[in-house]
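Worksheet: one structure, shown below.
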Amino acid sequence: MRSREIKDDIIERAKKITLGLSADSQQVDLVVSQWLAENQEVGFLFQVHPTKDNEFLPLGLKLKVMLESDSEEVEAQEADSWIQIALTELPGKLVTVKISLYDESVTEGFVA
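Going by this note's numbering, the sequence shown runs without a break in its numbering and finishes at 114.
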């Protein structure tokens, strides 16, 4: 992760994600916020934003968050400047995030 910020017990980090290896590869920013939620769970907010070179996300870009027991996915529509998924999970559990565009994807893992 390239940056870290702590405000009111929220940890926020961001990472540039590159989808594809060719000259037409796409870059987006993955922003992850984490906090202690109710019932001893850990809260997460996963957001995908365009890089500063673009106003909108690529059409069809997908953000998928997978837990051990469930998953949720959102897809960027025309003129979306960000997409997000919020959830809570028990401490110590694995949370997997997959960002994909067509046949290119990047997967990141987080521990709650």
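Idealized CB from N, CA, C, for every residue including glycine.
The structure presented is a predicted model; accordingly, all values stated were derived computationally and were not measured.
Determine the extent of the beta strand (DSSP E) in which residue i is found, giving its start and end residues.
{"i": "Phe112", "result": "Glu106 to Val113"}
{"i": "Ala25", "result": "Taken as a continuous stretch (DSSP letters only), Ala25 belongs to no beta strand (DSSP E), as it is neither H nor E."}
{"i": "Leu103", "result": "Leu96 to Leu103"}
So for residue i, helix, strand or coil by DSSP?
{"i": "Glu43", "result": "coil"}
{"i": "Ser83", "result": "coil"}
{"i": "Glu178", "result": "Since the displayed the chain opens at 3 and closes at 114, residue 178 lies outside it and no answer follows."}
{"i": "Leu92", "result": "coil"}
{"i": "Glu57", "result": "coil"}
{"i": "Asp31", "result": "strand"}
Pull up the CB-CB distance for residue i and residue j, whole angstroms please, since I reckon it's below 8 Å.
{"i": "Glu43", "j": "Leu92", "result": "6 Å"}
{"i": "Ala39", "j": "Thr90", "result": "5 Å"}
{"i": "Gly62", "j": "Leu103", "result": "6 Å"}
{"i": "Leu101", "j": "Val30", "result": "The sequence given here places Ile at residue 101; Leu does not occur at that position. The pair is a contact, with the Cβ atoms about 7 Å apart (cut-off 8 Å)."}
{"i": "Gly22", "j": "Glu106", "result": "5 Å"}
(message) Three or more C-beta pairs under 8 Å: does that hold for the region 82–98 against the region 56–70?
(response) They touch, by the three-pair rule.
(request) Count the CB pairs spanning the region 13–20 and the region 72–81 that are closer than 8 Å, and state whether there are at least three. (result) The region 13–20 vs the region 72–81: no contact.
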